[in-house]
Structures are given as structure tokens and as C-alpha cells.
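Written below as C-alpha cells is the structure these notes are about.
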Amino acid sequence: ASNWTAARIAAANAYATQCGKKGFAFSELSFSLKDHVTAGWGEAELALEMDATEFAAYRANGLPVIGYSAQAYGFFFKPLTPDVSPKNRLLYDALHEIARKNGLSVHEALFGFYHGCGISETPLITGSTPERIREAMSGAKTVLPAEDVRTLLRHNKDDVNGRLEFNMGKHGDTATLHITNVRLEEI
-13 ASNWTAARIA
-3 AANAYATQCG
7 KKGFAFSELS
17 FSLKDHVTAG
27 WGEAELALEM
37 DATEFAAYRA
47 NGLPVIGYSA
57 QAYGFFFKPL
67 TPDVSPKNRL
77 LYDALHEIAR
87 KNGLSVHEAL
97 FGFYHGCGIS
107 ETPLITGSTP
117 ERIREAMSGA
127 KTVLPAEDVR
137 TLLRHNKDDV
147 NGRLEFNMGK
157 HGDTATLHIT
167 NVRLEEI
């Protein structure tokens, strides 16, 4: 299934089973460490991006994912531009630090995230030259340590572990927060 939610695939697979048919064997959607990699593509329904809900569902159901936009159009491999969002700047810096700390190339660290995140995932890659493809393939067997994967998930678009973190010490930084399912109790 391409660009279907995990819930829609589960419903389709349940129906297929009821009818004695084979269900979907994998899902294809945008799975990038970068936030909003498909922004500017047009209609939102044309591209489904992995979010916290989808991430949790794929971790739970084990359905393999073929993730397009895995390299985020080279975002992690070029110098940052001034218009980069604060969240993507954090992800960029964290990935580069993890690569440095582990003695990996940025490609190895990025694919190490995909292979270590708990989802059966095959990143789709592209390259403008054979050398770029070889460079991207260098990370094909890398798996990041769980601590590094958690670090990247904490900085990603939706914190799949449900934590709220904000660095109060850096003046001028801002963040948009969406808080739901909150109960206020007087103590």
C-alpha cells in the first residue's frame, strides 16, 4: 500500500482475510528523519509522512516499510541554510554529533537510525552520481545504538515516547507545542 495510514492498511488486511485473500505485505510512505520533507509537494493527501501515530503502529504491527525521502534530499549532507527550522537544526546537529561520536559517516549514522529504530524499514535512496550511491550504501548495514536512536527520536517531529522537553537555557529559541489529553488536578 502506498501512502495509506497503518490503520487503513490494517482494515484492508482484515477485510482481505475475511474474503480469503492476501493482504498488503508492506507499506510505502515518506519516512525521513527530517521534519516535513514533503512540504511543497502540493495536496497533503498525496504523501503520507511517518509521524508518531504511524511510527507506533508500525513498531507494533511489524509491517515492513519502504520509506521514500529517506535522505531528505541531501539535507543532512550539506551545510545548513539560514531558513532551516529550529527542529531540523536540532536533528541535523544531533545526527552529526552521533556520527562523530561513533566514528561514522553521516550516511552511516542516518541509515543506522533507520535500521535501529524498531521498524522493519528499507530506505529508498537516490544519488546524482555513482559515487553518491556508493556513499549512501556505506550505511546499509549500520545499526545505531539504542541510546542514539532515542536521542534522534526525541528531536524528531513527534516524540514517540511522549516526553515534553524544552531547553530553557537558550535565549531566543521557540517551539510550537500541541498538548492533548491533559488533566489538571489541584494538589
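Note that my numbering has the sequence shown beginning at -13, numbered continuously upward. Virtual Cβ for every residue (Gly too), placed ideally from N, Cα, C. All values reported here derive from a predicted model rather than from experimental measurement.
Can you tell me the Cα-Cα spacing of residue i and residue j, whole angstroms?
i     : j     : result
P65   : L81   : 13 Å
P131  : K8    : 36 Å
G98   : I52   : 15 Å
A2    : V70   : 44 Å
I(-5) : T39   : 14 Å
D79   : N(-1) : 40 Å
D134  : L19   : 13 Å
Check residue i in the structure and name its three-state DSSP category.
i      : result
V92    : helix
T108   : strand
G102   : helix
A(-8)  : helix
L81    : helix
K8     : coil
K73    : helix
T67    : coil
N47    : helix
G60    : helix
L139   : helix
P116   : helix
D21    : coil
A(-3)  : helix
A(-13) : coil
Tell me which same chain residues have a C-beta within less than 6 Å of the C-beta of residue i, skipping the five on either side of it?
i    : result
L49  : S13
R118 : none
K73  : D21
R120 : none
Less than 8 Å between the CB atoms is what I'm expecting for residue i and residue j, so what's the real figure, rounded?
i    : j     : result
A43  : A(-8) : 3 Å
I105 : A56   : Incorrect: roughly 12 Å between the Cβ atoms, too far for contact.
Quickly, what does DSSP pair residue i with across the bridge? List them, please.
i    : result
R52  : Contrary to the premise, residue 52 reads as Ile rather than Arg in this sequence. Paired residue(s): E14, T108.
E194 : Residue 194 is absent from the model: the chain starts at -13 and stops at 173.
S174 : A query on residue 174 cannot be resolved here, the shown segment of the chain reaching from -13 to 173 and no further.
Ordered along the chain, which non-local residues of its own chain (more than five positions away) have a Cβ less than 7 Å from that of residue i?
i    : result
T128 : L90, E94, F97, G98, H101
C5   : none
R45  : G104, I105
E83  : none
For residue i, which residues in the same chain have their Cβ closer than 8 Å to its Cβ, ignoring the five residues on either side in sequence?
i    : result
H141 : K73, L76, L77, A80
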